[in-house]
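Some notes on the structure that comes next.
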Amino acid sequence: MSEFSNYLEAKLDELVTANRILGRENVCDAFGHVSIRHPDRDDRYFLSRSRAPERIEVDDLMEFTLDGDPIDQKGRSPYAERFIHGAIYAKRPDVHSVVHNHSMNVIPFGVTKTPIKPILHMCASMGCDVPVWDSRDKFGDTNLLVRSMDMGYDLADALGDKRAALMRGHGCVVVAESLRLAVFASVYLEMNAEIQLKSHLLGGDDVTFLSEGEVEQIIGTRTSFTIERAWERWARRADRPYDPEPNQDNFS
Ligand code: MN
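Taking the numbering used here, I'd label the letters of the sequence shown as residues 831 to 1082.
Shown next, in the form of C-alpha cells:
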C-alpha cells in the first residue's frame, strides 16, 4: 500500500466520523449528506452511497467525477442529490468539503423574509450573508430535489463566494476549506437558527446580531484547536474514535 493510500484511508475514516457526527448532532436525520474533495484530484469527490448518515461505514463511500458519475459503483445506489457537491466543487476551488442537510430550525429562514444572521460568537463561521436559493425561480415546480448538474450549478451560483446558502422549502448547504470546519459550521448554523428564532420570539425585530467586524475577528482568530476541541467531543458522542485531523506530511 502506498503512503498516499494511508493518507486517503485516514481521510475516508474521517468522512465516516463526519457522517456519524452530523447524524448524532441533529444536523442530518435519515437524509442529508457530507462530501470531501479527493485530496489528490480536484476533479473528484467522495460521498456515501444513499444511506442515513449515522449508519455509514467506510465501504459505503463512493468516488465521483464532478458531474456525479461514480468511478466504481459496485452495485451501490448514489444519493439523488449528489449534483449539489460536484457543482459546488466545480465553481469553488477553495472548497474541500460540502454538507447538505435539512436541519429543522434553519427552514423558517428560507421561507420568510427574515434573513438568518450570526447571533452567537460560536456561529460566526456561517458568515454575515447567507443567500437563499429558490429552485422555483429557474426550474418552476419540481419535487425540490437537486437532481441534475443544471440545478446544482444554479444553487452554486446562488451560494457565490459565501460559506452557506439556504434552499427554500428544503434545507441548506454549508461549505468549507476542510471537512472538520464544514461539520463545525453546520452544527453551529442549526444552533444559530434555533437561538435566532427564540430571540425573535422575545424581541421581535429588535435583536442584536454580531457585527461584520466581530464576525471577521472571530473567524480571523479561530485556531484549529477550537475545531479539534469540538470534533473530539462530537466524535466520542457519536461512538467514533478521536483522531487529530490527518495531515499529509505525517503520511509521507
Ligand atoms: Mn435534500
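By construction, the Cβ of each residue, glycine as well, lies at the ideal position given by its N, Cα and C atoms.
query: With H, G and I counted as helix, E and B as strand and the rest as coil, what does DSSP make of P1072?; result: The residue you asked about is not Pro; residue 1072 is Tyr in the sequence shown. Y1072 falls in the coil class under three-state DSSP.
query: Tell me where the alpha helix (DSSP H) around Y983 begins and ends.; result: 979-989
query: Are the Cβ atoms of F894 and L845 separated by less than 8 angstroms?; result: no
query: For H932 versus H1030, is the C-beta spacing smaller than 8 angstroms?; result: no
query: Kindly indicate which three-state DSSP category E833 falls into: helix, strand or coil?; result: With a pLDDT of 47 at E833, under the threshold of 50, the modelled position of that residue is not reliable, and the figure given next carries that caveat. In the structure shown, E833 sits in a helix (DSSP, three-state: H, G or I).
query: Among the candidates D1036, V1017, T942, I914, whose CA atom is the shortest distance from the CA of D899?; result: I914
query: For S1054, which of D980, S1008, L896 has the nearest alpha-carbon?; result: S1008
query: Just to confirm, does E911 get its C-beta within under 7 angstroms of one of the non-hydrogen atoms of the ligand SAM?; result: For the ligand SAM, the structure offers nothing, since it holds only the ligand MN.
query: Within the continuous beta strand (DSSP E) that includes F1081, where are the two ends?; result: Taken as a continuous stretch (DSSP letters only), F1081 belongs to no beta strand (DSSP E), as it is neither H nor E.
query: In this structure, how does DSSP classify I937 when only helix, strand and coil are distinguished?; result: coil
query: Flag F969 as yes when its Cβ comes closer than 7 angstroms to any non-hydrogen atom of the ligand MN, and as no otherwise.; result: no
query: Would you call N1022 buried or exposed, if buried means 16 or more other Cβ atoms sit within 10 Å of its Cβ?; result: buried
query: Just mark N973 as buried or exposed, buried being the case when its beta carbon has 16 or more other beta carbons within 10 Å.; result: exposed
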